[in-house]
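Each residue of the first sequence is one higher than the last, beginning at 0 in numbering that gives the first Met the number 0.
Heads up, the beta-carbon is just placed ideally off N, CA and C, and yes, glycines get one too.
Everything numeric in this text was worked out from a predicted model, so none of it was measured.
Let me begin by presenting the structure, written as structure tokens, before commenting on it.
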Amino acid sequence: MLKTPLPRSFYLRPTLLVAPDLLGRCLVRRYRNALLAGTIVEVEAYLGRRDPASHSYRGKTERNSVMFGTGGHLYVYFTYGMHFCCNVVTEEEGNGCAVLIRALEPLEGLPVMRKLRGAPAAGDDRLLTNGPAKLCQAFGIGRADNGADLAGDRIYLTRGTPVAGRTIGTSPRIGISEGKEFPFRFYIPGNRFVSRP
DNA sequence: TCTATGATCGTA
DNA sequence: ACGATCATAGAG
């Protein structure tokens, strides 16, 4: 596995090209002294000001300001009073586009992930990272990581094993009330760590 | 100030 | 199906 971070140019493309291209890539996270890693198996695209399901739909606020920055940064938000979720910002400054990472297949650092997830994931490693809030907890991602540069050395993506376009599954996005008609969820069919089949 | 609600998860 | 639990945004 190549350990060098993907270049900035990877993220500066149209979001609907980047999102499926993230499948099979590897998320690497340095957490204290541990190295955590996982393969991305499920994502959702959010298309900025023209997308009613996007946090950036109503323009820039303090909460979503990272979304309006340059691609290649991490947008972390807090929701439902208890969960963090993380997105990869795409395209150029001002567009407000991002891709939500919804599920990972753990590769390295499983013992640390089990400790961070605690009892809810006991006895089944699928429960470590098969959801956007679960994977953030397993990787120790929180408020402090909002705005992190993916070209840095704390959190970044590596090339991994890209997935051929024709084998990618699509569906409507999960948990939204508007924009349900668009198939902007992308996943690896049959992978055990996808949040919903 | 005040209030409704959410890109969710775990338990029943 | 439902409760937990609170930051955020928009209204007043």
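{"Query": "Exposure label - S8; buried when at least 16 CB within 10 Å", "Result": "exposed"}
{"Query": "L34 burial status per 10 Å Cβ neighbour count (16 or more: buried)", "Result": "exposed"}
{"Query": "Alpha carbon of L26 to alpha carbon of L127, nearest angstrom", "Result": "15 Å"}
{"Query": "6 Å Cβ shell around E177 - same chain, five flanking residues per side excluded", "Result": "P51 and A52"}
{"Query": "Outcome for R28 when other beta-carbon atoms lying within 10 angstroms are tallied against a minimum of 16", "Result": "buried"}
{"Query": "Where the beta strand (DSSP E) containing S176 begins and where it ends", "Result": "Taken as a continuous stretch (DSSP letters only), S176 belongs to no beta strand (DSSP E), as it is neither H nor E."}
{"Query": "Cα-Cα separation, F183 to I173", "Result": "10 Å"}
{"Query": "Cβ-based neighbour list, H54, same chain, cut-off 6 Å, excluding 5 preceding and 5 following", "Result": "N63"}
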